[in-house]
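Participant:
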Amino acid sequence: MGLELVLTLEGKPIFSAMEVVHVSAECYPVAKAGGLGDVVGALPKYQNKAGITAKVVMPMYRTSFLYTSNWVVDYKAKAFMGAWEFEYTIIKEATGKLGFDLYLVDIHGLLDRQKIYGYPDDVERFTAFQIAVVHWMSHWNHRPSVVHCHDYHAGLIPFMMQHCYDYQNLKEVPTVLTIHNAQYQGWMGWHQSELIPRWDLSKKGLLDWGNCINPLAAAIKCASKITTVSPSYMRELMQHANGLESLFASEKNKCVGILNGIDHDVWNPATDTNIEVVYTVNTVMEGKQKNKEKICSQYGLDASLPLFVFIGRLVGEKAADVLPAAMDKAIQTYGARASYMILGSGDPAVEMALSKVAARYNHIFRVYIGYNEILSHGLYASADFLLMPSRVEPCGLNQLYAMRYGTVPMVRSTGGLQDTVVDMGDKEGYGIRFTHANEKDIVDSIGRAIDVYDNKTHLLWMRQFMMQINHSWDQTVESYTRVYKSI
Ligand code: ADP
Numbered sequence: 419m420g421l422e423l424v425l426t427l428e429g430k431p432i433f434s435a436m437e438v439v440h441v442s443a444e445c446y447p448v449a450k451a452g453g454l455g456d457v458v459g460a461l462p463k464y465q466n467k468a469g470i471t472a473k474v475v476m477p478m479y480r481t482s483f484l485y486t487s488n489w490v491v492d493y494k495a496k497a498f499m500g501a502w503e504f505e506y507t508i509i510k511e512a513t514g515k516l517g518f519d520l521y522l523v524d525i526h527g528l529l530d531r532q533k534i535y536g537y538p539d540d541v542e543r544f545t546a547f548q549i550a551v552v553h554w555m556s557h558w559n560h561r562p563s564v565v566h567c568h569d570y571h572a573g574l575i576p577f578m579m580q581h582c583y584d585y586q587n588l589k590e591v592p593t594v595l596t597i598h599n600a601q602y603q604g605w606m607g608w609h610q611s612e613l614i615p616r617w618d619l620s621k622k623g624l625l626d627w628g629n630c631i632n633p634l635a636a637a638i639k640c641a642s643k644i645t646t647v648s649p650s651y652m653r654e655l656m657q658h659a660n661g662l663e664s665l666f667a668s669e670k671n672k673c674v675g676i677l678n679g680i681d682h683d684v685w686n687p688a689t690d691t692n693i694e695v696v697y698t699v700n701t702v703m704e705g706k707q708k709n710k711e712k713i714c715s716q717y718g719l720d721a722s723l724p725l726f727v728f729i730g731r732l733v734g735e736k737a738a739d740v741l742p743a744a745m746d747k748a749i750q751t752y753g754a755r756a757s758y759m760i761l762g763s764g765d766p767a768v769e770m771a772l773s774k775v776a777a778r779y780n781h782i783f784r785v786y787i788g789y790n791e792i793l794s795h796g797l798y799a800s801a802d803f804l805l806m807p808s809r810v811e812p813c814g815l816n817q818l819y820a821m822r823y824g825t826v827p828m829v830r831s832t833g834g835l836q837d838t839v840v841d842m843g844d845k846e847g848y849g850i851r852f853t854h855a856n857e858k859d860i861v862d863s864i865g866r867a868i869d870v871y872d873n874k875t876h877l878l879w880m881r882q883f884m885m886q887i888n889h890s891w892d893q894t895v896e897s898y899t900r901v902y903k904s905i
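Residue numbering for the sequence shown follows our numbering, beginning at 419 and increasing consecutively.
1. Should Asn599 be listed as close to the ligand ADP, given that the test is whether its C-beta is under 8 angstroms from any heavy atom?
2. If you drop the 5 nearest sequence neighbours on each side, which residues of the same chain put their C-beta closer than 7 angstroms to that of Lys430?
3. Give the DSSP-derived three-state secondary structure of Ala635 in the structure shown.
4. Going by the DSSP bridge assignment, what does Ser757 pair with across the sheet?
5. Contact defined as beta carbons within less than 8 angstroms: I believe Val918 pairs with Gln465. What is the distance between those atoms, to the nearest angstrom?
6. Using the rule of at least 16 other Cβ atoms within 10 Å of the residue's Cβ for burial, across every protein chain shown, is Asp690 buried or exposed?
7. For the structure I just gave you, are there three or more beta carbon pairs, one from the segment 557-572 and one from the segment 584-592, closer than 8 angstroms?
8. Which residues in the same chain as Tyr898 place their Cβ atom closer than 6 angstroms to its Cβ, once the five residues preceding and following it in sequence are excluded?
9. Return yes when at least one heavy atom of the ligand ADP lies under 8 angstroms from the C-beta of Pro812, else no.
10. Which complete alpha helix (DSSP H) runs does the segment 824-850 hold, if anything under 4 residues is left out?
11. Rounded to whole angstroms, how far is the Cβ of Thr646 from the Cβ of Ile597, which I believe are closer than 8 angstroms?
12. Just how far apart, CA to CA, sit Lys463 and Ser442?
13. What did DSSP end up calling Leu797 once you bin it into helix, strand or coil?
14. Measure the Cβ-Cβ separation of Ser648 and Pro827 and say whether it is below 9 angstroms.
15. Within 8 angstroms, do at least three Cβ pairs link the segment 794-810 to the segment 717-732?
16. Between the beta-carbon of Gly679 and the beta-carbon of Leu454, is there less than 9 angstroms?
17. Here's a check: name, in chain order, each residue in its chain whose Cβ is nearer than 8 angstroms to the Cβ of Asp765, leaving out the five neighbours to either side.
18. Quick one: using the 10 Å Cβ neighbour count with 16 as the cut-off for buried, is Asn629 buried or exposed?
19. Touch check for the segment 878-893 and the segment 852-869: three-plus C-beta pairs under 8 angstroms?
20. According to the Cβ coordinates, are Val785 and Ser773 closer than 9 angstroms?
21. Would you mind working out which of Trp879, Arg830, Asp859 sits nearest Tyr848, comparing C-alpha positions?
22. For the ligand ADP, any of its heavy atoms closer than 8 angstroms to the Cβ of Asp859?
23. Please classify Pro538 as buried or exposed, where buried requires at least 16 other C-beta atoms within 10 Å of its C-beta.
24. What is the DSSP secondary structure of Val523, reduced to helix, strand or coil?
25. With a cut-off of 8 angstroms on the beta carbons, I'd call Ala451 and Tyr535 a contact; round off their distance for me.
26. With DSSP run on the structure shown, which of helix, strand or coil describes Arg731?
27. For the ligand ADP, is there a heavy atom less than 8 angstroms away from the beta-carbon of Ser831?
28. Taking the C-alpha atoms as reference points, what is the distance between Ala756 and Val829?
29. Taking Gly455 as part of the beta strand (DSSP E), name the residues at either end of that continuous run.
30. Within 10 Å of its beta-carbon, does Gln750 have 16 or more other beta-carbons around it, so buried, or fewer, so exposed?
31. First and last residue of the alpha helix (DSSP H) that includes Pro766?
32. Which value, in whole angstroms, describes the spacing of the CA atoms of Ile470 and Ala435?
33. Using DSSP with H/G/I as helix, E/B as strand and the rest coil, what is Asp584?
34. Using a threshold of 9 angstroms, state whether the C-beta atoms of Leu529 and Met478 are closer than that.
35. Name the residue from Leu797, Tyr798, Gly762, Gly753 whose alpha carbon lies nearest to the alpha carbon of Tyr779.
36. Give the C-beta separation of His440 and Lys473 to the nearest angstrom, bearing in mind that I take them to be a contact with Cβ-Cβ under 8 angstroms.
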């Protein structure tokens, strides 16, 4: 069990390091489905470097990280979810290799599966996970300074800490909710209220939103502070939040938008072991070309052409449904003046439609359906342009990784994309921005991109400029520290 660091002078405490417990469903490299994993894998590491004792607790899935790491049992106990008494075990990574203490919650038969999400019993899985986390913390011999919950999978925790009779010793511990994606809220029917350990029934209204138990809404109501992963996304949520707009508006005084950083240790073209040739600001032109030659020879594309890539979940938020027609139209419009590659998975109809376009033009357009972390690094390093037509983008990390690798981001002006990308037509601009997530805007933007690709002086300037933009975690860590101190 974690011990609080307390320095004493003649037996009296003089300094106590702030201790933050991050609760999340994902954390890179343990288990990642998207940006949530990247953030929870990096933020605690940089917080520790800044002198905060930050730790992560997450479910124990059967991922390769589990089998290739060393573990010690930290705690074992039984808790109730409804009438079901279950045993949980907290294991801790033994070497500290991630730069923070990592704890996994093992609940046999429930959490120990290969995928993170997508099971019919996800409500029970994540509710049991949260019960185990709160139960475990309530048995510590000290209180953490802050419990930092990420997305709806940890959304019941602030409520449980305050209103479940068994966890009253955590009542005064401040909580922060960070919203990485407000589309998913973890809705539960009221018949599932019995899963939550004995709670003060007069607080029913804190769990309810639209006659459902809504874990994300409950966290927005109960957490001491709410953060989103970019300032623009916070503003947008007041207008579009999948039904929670009025809640955000009424809680706006405790909301703050903090832009994500990127992990420069993991995403660095000068040291990345996942790419063919490493490169720096000074060698970006040759470096990217060599990486492009490797990828293009692997996938049968022409490395002398500008390479456009899309990396991400093939879902409506990312406007992936527009891609098949947009790719088709771009290929018809610009012919063999560019190559395209898509890496992603998601909606089966989109996967199918993209594969059909790829089958028609397979010397120009390739699709890799699936999740492939190594290929994603290869694509950031070899692509000339990264396409992100997202309808909703809370922060977006892909465009930040692209910039770090000298790849020009092509983004729809929304959320974090609008906070981080300056159009090349504007002063010191290095990206391409467009307004609509539709075929026309995507095809027109590809035209602008092809033109700038031919202007090598401008291209070199943009690449070098964006590679030097500082998106490190240092500033972000400071903003979170201010939030913690305020509560
Ligand atoms: P979101 O969290 O909404 O999916 P973000 O832009 O915040 O979007 O983060 C996406 C992260 O997931 C990035 O690290 C990106 O490289 C990665 N990613 C998404 N899809 C894939 C995929 N199919 N293969 C490898 N990495 C992927």
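Yeah, the Cβ is synthetic: ideal placement off N, Cα and C, and Gly gets one too.
Facilitator: Let me spell this out:
1. The residue given as residue 599 occupies position 181 in the sequence shown. Answer for Asn599: yes, Cβ within range of the ligand ADP.
2. Residue 430 sits at position 12 when you count from the first residue of the sequence shown. Since pLDDT at Lys430 reaches only 49, below the 50 mark, its modelled position is unreliable, and the value read off the structure follows with that caveat. Answer for Lys430: no residue qualifies.
3. Translated into the one-based positions of the sequence shown, residue 635 becomes position 217. Ala635: helix per DSSP, three-state reduction.
4. On the sequence shown, position 339 is the one that residue 757 refers to. In the DSSP output, where bridge partners are listed per residue, Ser757 has Leu725.
5. The shown model of the chain, from 419 to 905, leaves out residue 918, and the question about it has no answer.
6. Numbered from 1 along the sequence shown, position 272 holds the residue referred to as residue 690. Under this definition Asp690 is a buried residue.
7. Touching, yes, given that three or more Cβ pairs across the two stretches are closer than 8 angstroms.
8. Reading the sequence shown from its first residue, position 480 is the one you call residue 898. Around Tyr898: no qualifying Cβ.
9. Against the sequence shown, residue 812 aligns to sequence position 394. Flag set: Cβ of Pro812 near the ligand ADP.
10. Fully enclosed alpha helix (DSSP H) runs of 4 or longer: 833-838.
11. To locate residue 646, count along the sequence shown from 1; it is residue 228. To locate residue 597, count along the sequence shown from 1; it is residue 179. The beta-carbon distance between Thr646 and Ile597, rounded to whole angstroms, is 5 angstroms. This is short enough to meet the 8 angstroms contact definition.
12. Counted from its first residue, the sequence shown places residue 463 at position 45. Counted from its first residue, the sequence shown places residue 442 at position 24. If I take the Cα positions, the gap works out to 15 angstroms.
13. Taking the sequence shown and counting its residues from 1, one reaches residue 797 at position 379. Here DSSP, grouped into helix, strand and coil, assigns Leu797 to helix.
14. For the purposes of this step, residue 648 is identified with residue 230 of the sequence shown, where counting begins at 1. For the purposes of this step, residue 827 is identified with residue 409 of the sequence shown, where counting begins at 1. Not in contact: Ser648 and Pro827 (Cβ atoms no closer than 9 angstroms).
15. With the cut-off at 8 angstroms, the segment 717-732 and the segment 794-810 touch.
16. Start at 1 with the first residue of the sequence shown, and residue 679 comes out as number 261. Start at 1 with the first residue of the sequence shown, and residue 454 comes out as number 36. Not in contact: Gly679 and Leu454 (Cβ atoms no closer than 9 angstroms).
17. Position 347 of the sequence shown holds residue 765. Closer than 8 angstroms at Cβ, skipping near neighbours: Leu732, Val733, Gly734, Ala738, Asp739.
18. The residue labelled residue 629 in the question sits at position 211 within the sequence shown. Under this definition Asn629 is an exposed residue.
19. They do not touch, by the three-pair rule.
20. Taking the sequence shown and counting its residues from 1, the one referred to as residue 785 is at position 367. Taking the sequence shown and counting its residues from 1, the one referred to as residue 773 is at position 355. If you check the CB distance, Val785 and Ser773 come in under 9 angstroms.
21. Translated into the one-based positions of the sequence shown, residue 848 becomes position 430. Residue Trp879 is the option with its Cα nearest to Tyr848.
22. Here residue 859 is taken as the residue at index 441 of the sequence shown, counted from 1. The answer is no for Asp859.
23. Along the sequence shown, one-based indexing puts residue 538 at 120. Label assigned to Pro538: exposed.
24. Taking the first residue of the sequence shown as position 1, residue 523 is located at position 105. In the structure shown, Val523 sits in a strand (DSSP, three-state: E or B).
25. Walking along the sequence shown from the start, residue 451 turns up at place 33. Walking along the sequence shown from the start, residue 535 turns up at place 117. With 8 angstroms as the limit, Ala451 and Tyr535 qualify as a contact, their Cβ atoms being about 7 angstroms apart.
26. Taking the sequence shown and counting its residues from 1, the one referred to as residue 731 is at position 313. Note: Arg731 maps to strand in three-state DSSP.
27. Your numbering for residue 831 matches position 413 in the sequence shown. Shortest gap from the CB of Ser831 to any heavy atom of the ligand ADP: 8 angstroms or more.
28. Translated into positions along the sequence shown, residue 756 becomes position 338. Translated into positions along the sequence shown, residue 829 becomes position 411. Approximately 18 angstroms between the Cα atoms of the pair.
29. In the sequence shown, the residue the question calls residue 455 occupies position 37. From DSSP, Gly455 is part of no beta strand (DSSP E) but of the alpha helix (DSSP H) over 453-467.
30. Locating residue 750 in the sequence shown gives position 332, where the first residue counts as 1. Label assigned to Gln750: exposed.
31. In the sequence shown, counting from the first residue as 1, residue 766 sits at position 348. Taken as a continuous stretch (DSSP letters only), the alpha helix (DSSP H) holding Pro766 covers 766-778.
32. In the sequence shown, counting from the first residue as 1, residue 470 sits at position 52. In the sequence shown, counting from the first residue as 1, residue 435 sits at position 17. Looking at the two C-alpha atoms, the distance is approximately 6 angstroms.
33. One-based indexing of the sequence shown puts residue 584 at position 166. In this structure, Asp584 counts as helix in the three-state DSSP scheme.
34. One-based indexing of the sequence shown puts residue 529 at position 111. One-based indexing of the sequence shown puts residue 478 at position 60. Taking 9 angstroms as the cut-off, the Cβ atoms of Leu529 and Met478 count as close.
35. In the sequence shown, counting from the first residue as 1, residue 779 sits at position 361. The residue with the shortest Cα to Cα distance from Tyr779 is Gly753.
36. As a first step, residue 440 must be located in the sequence shown, where it is residue number 22. As a first step, residue 473 must be located in the sequence shown, where it is residue number 55. 7 angstroms between Cβ atoms; contact.
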